[in-house]
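S.K.: I have a structure here, written as structure tokens, and I will follow up with some questions on it.
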Amino acid sequence: MISVGCDHGGLVLKQAIVAYLKENHIDYIDHGTFTEESVNYAPYAFKVGSDILSGRAEKGILCCGTGIGISMAANKMKGIRAAVVTNEFCAEMTRRHNDANILCMGGRVISPEMAVKLTEIFLNTPFEGGRHAIRIAQIAAIENGEEL
Ligand code: RB5
27 MISVGCDHGG
37 LVLKQAIVAY
47 LKENHIDYID
57 HGTFTEESVN
67 YAPYAFKVGS
77 DILSGRAEKG
87 ILCCGTGIGI
97 SMAANKMKGI
107 RAAVVTNEFC
117 AEMTRRHNDA
127 NILCMGGRVI
137 SPEMAVKLTE
147 IFLNTPFEGG
157 RHAIRIAQIA
167 AIENGEEL
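As structure tokens, then:
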């Protein structure tokens, strides 16, 4: 299950991503927004992050104007690793090395076609584990207030 959400700045990207998920018979939860009316992005980050932390969804996709604000909000949630991505290399590496669980993109930065391409890479690339698992554990330690 993939959980998706956006603000008005990311609406066009989310629409393209939802069409891609539908076409490929990938189950998804769409938290909106559904119109171009201006909305705050943090509640959408919270909804998608909550789906992942509860186990309702394995991965999430969030879009805003730049992808930045919505990623900052999502990354405040313990256990969320949200990555702003603008190209294929970063989409692949944030899965392989960072085990990102939310892909963030900006509707004022990339095209809907690129957003679909990055989504496909993000959903189909595994985490490598090994030395990268140690680094992910260190991120979790910081979340828990531990010193590194
Ligand atoms: C909304 O205008 C815009 O600030 C938002 O979509 C996002 O880009 C914030 O990071």
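When the count follows this note's numbering, it moves up by one through the sequence shown with no breaks and lands on 174 for the last residue. All residues carry an ideal CB built from backbone N, CA and C; glycine is no exception.
For E118 and F148, what's the separation of their Cα atoms in angstroms?
M.R.: Straight-line Cα distance between these residues: approximately 6 Å.
S.K.: At the level of alpha carbons, what is the spacing between K85 and L129?
M.R.: So the alpha carbons of these two residues sit roughly 8 Å apart.
S.K.: Do V135 and T112 have their CB atoms nearer than 8 Å?
M.R.: In this structure, T112 lies closer than 8 Å to V135 by Cβ.
S.K.: Could you say which of R157, S29, I78 lies nearest to D53 if we only look at CA atoms?
M.R.: Among R157, S29, I78, the Cα nearest to that of D53 is on S29.
S.K.: Could you please give the first and the last residue of the uninterrupted alpha helix (DSSP H) stretch that includes V74?
M.R.: Looking at the DSSP string, the run of the alpha helix (DSSP H) that includes V74 is 68-80.
S.K.: Does the ligand RB5 have a heavy atom nearer than 7 Å to the CB of I94?
M.R.: Checking every heavy atom of the ligand RB5 against the Cβ of I94, one is found closer than 7 Å.
S.K.: Is L149 helix, strand or coil by DSSP?
M.R.: Of the three classes helix, strand and coil, the one that applies to L149 here is helix, per DSSP.
S.K.: Confirm the yes/no value for this check: CB of Y67, any heavy atom of the ligand RB5, distance under 7 Å.
M.R.: Yes, the beta carbon of Y67 sits closer than 7 Å to at least one heavy atom of the ligand RB5.
S.K.: Confirm the yes/no value for this check: CB of C130, any heavy atom of the ligand RB5, distance under 7 Å.
M.R.: No - the ligand RB5 has no heavy atom lying nearer than 7 Å to the Cβ of C130.
S.K.: Closer than 8 Å by C-beta to E63: which residues in its own chain qualify, once you throw out the five before and the five after it? Chain order, please.
M.R.: The answer, listed in chain order, is H34.
S.K.: Taking the beta carbon of K102 as the centre, do at least 16 other beta carbons fall within 10 Å, making it buried, or is it exposed?
M.R.: K102 is exposed by the Cβ-count criterion.
S.K.: Roughly how many angstroms separate the alpha carbons of K104 and E169, rounded to a whole number?
M.R.: Cα to Cα, K104 sits roughly 6 Å from E169.
S.K.: What are the complete beta strand (DSSP E) segments, minimum 3 residues, inside the stretch 114-150?
M.R.: The stretch 114-150 contains these whole beta strand (DSSP E) runs: 128-132.
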